[in-house]
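One structure below.
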Amino acid sequence: MEWGFNADAPIYSQLIDQIKQGIIAGAFPPGERLPSVREMATEAGVNPNTMQRALAELERDGLVYSQRTAGRYVTEDQTMIESVKKTLAETQVQAFLDAMSRLGFKKGEILELVRRDTAREED
Amino acid sequence: MAILECRDLSKRFGNTPALNGINLSVEPGRIVGLLGPNGSGKTTLIKLANGLLTPSEGQILIDGAAPGKQTRSEVSYLPDRTCLPTWMTAARLLDFYGDFYADFRRDAAEQMLEHLNIPQKQTIKQMSKGTREKVQLILVMSRAARLYLLDEPIGGVDPATRDYILNTIISNYNPDAAVVISTHLISDVEKVLDDVIFINQGQVALQSSVDQIREEKGMSVDALFREVFKC
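Chain order of the listed sequences is A and B. So the first sequence is numbered by this note's numbering: it starts at 1 and just counts up by one. So the second sequence is numbered by this note's numbering: it starts at 1 and just counts up by one.
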């Protein structure tokens, strides 16, 4: 999995988003065991305590769970994964709409552009 | 208990103050960046922690004790310049370190030399400046110490090696040990750090966690550093 970080948001919250994306996209499949904190921290190139904090937060949300000795697993609850996917999608759409409105586009124009673009892809 | 603690620590060289009333503590399990412009006192602080300098006033404590013979067995120090005997081969240096330090993990050192394609038969004299720095860092990181004091560990090496070094620091992470990294290459180390200490003109200007800075200021530590120390 590719990890990347921007300059202004806290690193742990960026980790949370990227692990969520990994779960949705199948890099961390439902029911599968996650690598250890140290392995994940090394792979992402981040501080192990920061990775630990991100995983603890995901655990509080129920997206991952701990088995006392066996490590952390991804939830098997598909409904929960779907709802996280939907939330992330809404965030993306909102960011896109904000960027377009900064360029001066009205809602109708944006819709028209998107429609034209998706139609072209389908040809 | 804090693994490194400074209490009203001051150091003067003649009339020139280098450190002025430093109070700070570093807990085990933390990776801390000691950040400041050139001449701010970073190296002086690290040398004091190693007992290479003695305080003019105040105290510096390693695991509760003043720097000395005992603390040297717990502290692994990377100096700001390489000081390896140039006639030795890498293999010979591993023997040397193994003799000196009971906590030296030779297998870890050999593995890192191999990863970085440094032949054990090569003498230090035959190595480039960057390779010497890598060897020195390998020796330092191969000890199972309680406190690692790394003075500019990534300054002289290429970005790929920089990543390797930072990854070595992460994969060697030990909740009972602390790592203090002095550097001004902040954007490279930022993700690896728990906390940062900004030091300016011999005084602590800021001590905070990386994510606290990002959360409260909405900017990276690198950006904050540039703002605080704007010339």
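Where is the CB? At the ideal position from N, CA and C, for every residue including glycine.
Nonlocal neighbours in the same chain, by C-beta distance under 8 Å from residue i, ignoring five residues either side
{"i": "alanine 18 of chain B", "result": "Lys11, Arg12, Gly41, Thr44 and Gly202"}
{"i": "alanine 102 of chain B", "result": "Ser73"}
Supposed contact pair residue j and residue i - C-beta distance, whole angstroms, cut 8 Å
{"i": "threonine 82 of chain B", "j": "glutamine 120 of chain B", "result": "Threonine 82 of chain B to glutamine 120 of chain B, Cβ: 18 Å. No contact."}
{"i": "leucine 63 of chain A", "j": "valine 84 of chain A", "result": "6 Å"}
{"i": "threonine 75 of chain A", "j": "proline 30 of chain A", "result": "6 Å"}
{"i": "isoleucine 199 of chain B", "j": "leucine 34 of chain B", "result": "6 Å"}
{"i": "threonine 161 of chain B", "j": "lysine 134 of chain B", "result": "6 Å"}
{"i": "isoleucine 22 of chain B", "j": "aspartate 63 of chain B", "result": "At roughly 18 Å, the Cβ-Cβ gap does not stay under 8 Å, so isoleucine 22 of chain B and aspartate 63 of chain B are not in contact."}
Interface residues of chain B facing residue i [CB-CB closer than 7 Å]
{"i": "phenylalanine 5 of chain A", "result": "Lys191"}
{"i": "threonine 79 of chain A", "result": "Near threonine 79 of chain A there are no residues of chain B at all, since even the closest Cβ is about 31 Å away, more than 7 Å."}
{"i": "alanine 41 of chain A", "result": "Ile170"}
Chain A contact residues for residue i, given Cβ-Cβ distances below 9 Å
{"i": "valine 210 of chain B", "result": "Pro10, Ile11, Asn47 and Thr50"}
{"i": "alanine 223 of chain B", "result": "Ala7 and Asp8"}
{"i": "leucine 233 of chain B", "result": "Residue 233 of chain B cannot be examined here, being either before or after the span of chain B that is shown, 1 to 231."}
Within chain B, partners of residue i - CB distance below 8 Å
{"i": "arginine 124 of chain A", "result": "Any property of residue 124 of chain A remains undetermined from this structure, which presents chain A solely from 1 to 123."}
6 Å CB neighbourhood of residue i in its chain, flanking five on each side removed
{"i": "leucine 166 of chain B", "result": "Val192"}
{"i": "serine 187 of chain B", "result": "Asp222"}
{"i": "glycine 184 of chain A", "result": "Outside the displayed span of chain A (1 to 123) sits residue 184 of chain A, for which this structure offers no information."}
{"i": "leucine 150 of chain B", "result": "Leu78 and Ile181"}
{"i": "methionine 40 of chain A", "result": "Met51"}
{"i": "valine 32 of chain B", "result": "Val26, Val180 and Asp195"}
Per-residue contacts from residue i into chain A (C-beta, under 8 Å)
{"i": "serine 238 of chain B", "result": "Lying outside 1 to 231, the shown extent of chain B, residue 238 of chain B is not represented and no answer is given."}
{"i": "aspartate 163 of chain B", "result": "Gly45"}
Partner residues on chain A for residue i, Cβ-Cβ distance less than 7 Å
{"i": "glutamate 215 of chain B", "result": "Pro10"}
{"i": "leucine 166 of chain B", "result": "Gly45"}
Cutoff 7 Å; reference residue i; Cβ partners in own chain excluding five residues on either side
{"i": "isoleucine 23 of chain A", "result": "Leu63, Val74 and Ile81"}
{"i": "isoleucine 170 of chain B", "result": "Val192"}
{"i": "leucine 53 of chain B", "result": "Lys11, Thr44 and Lys47"}
Inset, instruction - Report yes or no: do three or more beta-carbon pairs, one from the segment 74 to 93 of chain B and one from the segment 114 to 127 of chain B, lie closer than 8 Å? - result: yes
Inset, instruction - Could you tell me whether the segment 16 to 31 of chain B touches the segment 171 to 183 of chain B, using the rule of 3 or more Cβ pairs below 8 Å? - result: yes
Inset, instruction - Examine the Cβ distances between the segment 52 to 64 of chain B and the segment 6 to 15 of chain B and report whether three or more of them are shorter than 8 Å. - result: yes
Inset, instruction - Select from the segment 9 to 22 of chain A all residues with a C-beta closer than 7 Å to any C-beta belonging to chain B, and list them in chain order. - result: Ala9, Pro10, Ile11 and Tyr12
Legend entry - At least 3 beta-carbon pairs within less than 8 Å: the segment 139 to 148 of chain B vs the segment 70 to 81 of chain B: yes
Inset, instruction - Report yes or no: do three or more beta-carbon pairs, one from the segment 5 to 13 of chain A and one from the segment 146 to 160 of chain B, lie closer than 8 Å? - result: no
Inset, instruction - With 8 Å as the C-beta to C-beta threshold (strictly closer), list the residues of the segment 19 to 49 of chain B near chain A in chain order. - result: Gly29, Arg30 and Ile31
Inset, instruction - Could you name the residues of the segment 178 to 203 of chain B whose beta carbon sits closer than 7 Å to any beta carbon of chain A, in the order they occur along the chain? - result: Lys191, Val192, Leu193 and Asp194
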